[in-house]
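Structure first, commentary second.
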Amino acid sequence: MMRLKLRISGSVQGVGYRFFMQGLARRQDLTGWVRNCSNGDVETEAQGQKERLEDFILQLEKGHPWAQVSKIMREPLPEKILEKGFEIRF
2 MMRLKLRISG SVQGVGYRFF MQGLARRQDL TGWVRNCSNG DVETEAQGQK
52 ERLEDFILQL EKGHPWAQVS KIMREPLPEK ILEKGFEIRF
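Heads up, the numbering used here is the position in the sequence shown plus 1, with the first residue counted as 1.
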């Protein structure tokens, strides 16, 4: 089990990218959250099995059909034991 903070840069706001991420995370059985940043990036914390997180990141790089991802920054974080679900934060 691992947890990562990701910051996705590019053309990722206003195209349904957070909802796309939420769907991916739920299909991969990941927990965490996603939100828009004021600078146009999207930030997420995601937790789950390492292989599923890696697949999640690969799917994020391919992106939503209307998004254009230029960079994904990763930062490892401590696990949150009791977290459930994957939510969109506003």
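For glycine and all other residues, C-beta sits at the position ideal for the given N, C-alpha and C. Just so you know, these numbers come straight off a predicted model, no measurement behind them.
Range covered by the beta strand (DSSP E) that runs through methionine 2: The residue labelled residue 2 in the question sits at position 1 within the sequence shown. For methionine 2, no beta strand (DSSP E) encloses it, and the DSSP letter there is neither H nor E.
How big is the Cα-Cα spacing for alanine 47 and glutamate 84? The residue you call residue 47 lines up with position 46 of the sequence shown. The residue you call residue 84 lines up with position 83 of the sequence shown. Answer to the nearest angstrom: the Cα atoms are 10 angstroms apart.
Taking the alpha-carbon positions, what's the valine 1 to methionine 2 distance? The requested residue 1 does not occur in the structure, where the chain is confined to residues 2 to 91.
Who are the Cβ neighbours of aspartate 108 in its own chain at under 7 angstroms, not counting the five residues just before and after it? Since the displayed the chain opens at 2 and closes at 91, residue 108 lies outside it and no answer follows.
Roughly how many angstroms lie between the CA atoms of phenylalanine 21 and valine 43, to the nearest whole one? On the sequence shown, position 20 is the one that residue 21 refers to. On the sequence shown, position 42 is the one that residue 43 refers to. Taken atom to atom, the span from the alpha-carbon of phenylalanine 21 to that of valine 43 is near 12 angstroms.
Residues that alanine 47 bridges to, as DSSP identifies them: Here residue 47 corresponds to residue number 46 of the sequence shown, with the count starting at 1. Leu5 and Gly33.
Have a look at arginine 27 and glycine 86 and give me their C-alpha separation to the nearest angstrom. Mapped onto the sequence shown, residue 27 falls at position 26. Mapped onto the sequence shown, residue 86 falls at position 85. Their backbone Cα atoms lie some 7 angstroms apart in a straight line.
Taking all protein chains shown into account, do 16 or more other C-beta atoms lie within 10 angstroms of the C-beta of arginine 4, making it buried, or fewer, making it exposed? As a working note, residue 4 is residue 3 in the sequence shown. Around the C-beta of arginine 4, 16 or more other C-beta atoms lie within 10 Å, and the residue is accordingly described as buried.
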